[in-house]
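**Q** This structure is in structure tokens; I'll ask about it shortly.
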Amino acid sequence: MRKRVFFIHGWGGGPEEGWRPWLKERLEAKVFTVINLSMPDTDYPRMNEWVETLSGAVGEPDKDCFFVGHSLGCITILRYLESLPKGKKVGGALLVAAFTQDLGINEIKNFFIKDINWEKIKKHCDNFTVLLSDNDHYVPITYGDIFKEKLNAKIIIEHDLGHFNGDDVARELPPVLKAVIELSQ
Numbered sequence: 034m035r036k037r038v039f040f041i042h043g044w045g046g047g048p049e050e051g052w053r054p055w056l057k058e059r060l061e062a063k064v065f066t067v068i069n070l071s072m073p074d075t076d077y078p079r080m081n082e083w084v085e086t087l088s089g090a091v092g093e094p095d096k097d098c099f100f101v102g103h104s105l106g107c108i109t110i111l112r113y114l115e116s117l118p119k120g121k122k123v124g125g126a127l128l129v130a131a132f133t134q135d136l137g138i139n140e141i142k143n144f145f146i147k148d149i150n151w152e153k154i155k156k157h158c159d160n161f162t163v164l165l166s167d168n169d170h171y172v173p174i175t176y177g178d179i180f181k182e183k184l185n186a187k188i189i190i191e192h193d194l195g196h197f198n199g200d201d202v203a204r205e206l207p208p209v210l211k212a213v214i215e216l217s218q
């Protein structure tokens, strides 16, 4: 069975922005099945709708399921993992520009109403990589410490890539490709 990789973009984003089309092409060339999701109502996202969208796309989760989240897409992955029934495990998750609090942004507060259930998440996935930038204007690299402590995540700090979107990065992002390949091995 081919490994499936699900891309979950961030707040106000979309599936065809930035490095996602490039990454999709590269992963498909390496025989991955890539599902580049378009999340609903990206300007005013609702956690339940985003988790339901991801769950519907995944169908039956298994060890050949991998996730790449950007920004708000990362907490969506974590909330999805919390929702899985006992005994279900996925292969891994790459969390790009990941954070664990609402960052003071009203539109995303509903994703953080309840505490993150780290123990439940670890029962469904034990393979995490977190990619952060040393000059992200939204997400400080100190979030890496939280993911390392709570999920034993591998932390990668890149230099001068901002929030990994818009003008911050090129259309190609080799560190993301490398991290997904390593995660899936």
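To convert, take the position in the sequence shown, counting from 1, and add 33; that gives our numbering. Even glycine gets a Cβ: it sits at the ideal position worked out from N, Cα and C. Since this is a predicted model, take the numbers as computed values, not measurements.
Where residue 130 and residue 78 are concerned, what is the direct C-alpha to C-alpha distance, given to the nearest angstrom?
**A** Each residue's alpha carbon lies about 18 Å from the other.
**Q** Out of 197, 187, 157 and 182, point me to the one whose CA is closest to residue 170's CA.
**A** Nearest option by C-alpha distance: 197.
**Q** Tell me the DSSP bridge mates of residue 37?
**A** Looking at the DSSP assignment, residue 37 forms a beta bridge with 66 and 98.
**Q** Hey, would you say residue 44 sits closer than 7 Å to residue 141, going by beta carbons?
**A** Contact: yes.
**Q** In chain order, what are the residue ranges of uninterrupted beta strand (DSSP E) at least 3 long that sit wholly in the segment 118 to 167?
**A** Fully enclosed beta strand (DSSP E) runs of 3 or longer: 125 to 129 and 161 to 166.
**Q** Give me the Cα-Cα distance between residue 122 and residue 94, rounded to the nearest whole angstrom.
**A** Roughly 7 Å between the two C-alpha positions.
**Q** Just curious, the alpha helix (DSSP H) that residue 214 is in, first and last residue?
**A** 207 to 216 is the extent of the alpha helix (DSSP H) around residue 214.
**Q** What residue range does the alpha helix (DSSP H) around residue 179 cover?
**A** Segment 176 to 184, the alpha helix (DSSP H) holding residue 179.
**Q** Consult DSSP for residue 191 and reduce its assignment to one of helix, strand or coil.
**A** Strand at residue 191.
**Q** Residue 35: buried (16+ other C-beta within 10 angstroms of its C-beta) or exposed?
**A** Burial call: exposed.
**Q** If you follow the alpha helix (DSSP H) that residue 82 is in, where does it begin and where does it stop?
**A** First-last of the alpha helix (DSSP H) with residue 82: 80 to 91.
**Q** In whole angstroms, give me the CA-to-CA distance for residue 57 and residue 69.
**A** Looking at the two C-alpha atoms, the distance is approximately 8 Å.
**Q** Taking only beta-carbon atoms, is residue 108 less than 7 Å away from chain C?
**A** Chain labels in this structure do not include chain C; a single protein chain is all it has.
**Q** Give a yes or no on whether the C-beta atoms belonging to residue 216 and residue 127 are separated by under 7 Å.
**A** Yes. Within cutoff.
**Q** Compare the Cα-Cα distances from residue 159 to each of 175, 135 and 114 and report the closest residue.
**A** With distances taken between Cα atoms, residue 159 lies closest to 114.
**Q** Could you tell me the boundaries of the alpha helix (DSSP H) in which residue 113 lies?
**A** It spans 105 to 116 - the alpha helix (DSSP H) in which residue 113 sits, taken as one unbroken run.
**Q** Please state the DSSP three-state secondary structure of residue 55.
**A** Of the three classes helix, strand and coil, the one that applies to residue 55 here is helix, per DSSP.
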